[in-house]
Amino acid sequence: MAENAQNEKTLRVTLVKSPIGYSKRHKATVRALGLRRMHQTVEHLDTPVLRGMIAKVMHLVEIEEVA
Numbered sequence: 449m450a451e452n453a454q455n456e457k458t459l460r461v462t463l464v465k466s467p468i469g470y471s472k473r474h475k476a477t478v479r480a481l482g483l484r485r486m487h488q489t490v491e492h493l494d495t496p497v498l499r500g501m502i503a504k505v506m507h508l509v510e511i512e513e514v515a
């Protein structure tokens with residue numbers, strides 16, 4: 449398992465637009481990503497679940513791949 453974790457990509461997700469005025473589901477998705485305030489950045493392993501969450505709030509976040 450340790451070898452798989454080293455080979456997986458990491459994504460850096462930054463909240464660049466406020467979820468105020470968007471649906472409760474979008475706000476909940478932003479919170480589930482670990483984002484609480486504007487311009488906060490978190491890193492997550494690149495998984496299909498994470499990609500789905502990001503796709504739902506793509507208009508609110510900025511994504512970078514980390515080596």
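Residues 449 to 515 in the numbering used here are what the sequence shown lists, from first letter to last.
Positions of the beta carbon are idealized from the N, C-alpha and C atoms, including for glycine.
query	result
Please name the residue or residues paired with Val497 in a DSSP beta bridge.	DSSP output for Val497 lists no bridge partner at all.
Ends of the alpha helix (DSSP H) at Arg479?	472 to 480
By the three-class DSSP mapping on this structure, what secondary structure does Ile511 have?	strand
Please go through the same chain and pick out, in chain order, the residues whose beta-carbon is closer than 7 angstroms to the beta-carbon of Glu510, but skip the five residues on each side of it.	Thr462, Val464
Starting from the Cα of Met506, find the closest Cα among Gly482, His474, Glu513, Arg484 and give me that residue.	His474
Could you tell me if Leu481 is buried or exposed, where buried requires 16 or more neighbouring beta carbons within 10 angstroms of its beta carbon?	buried
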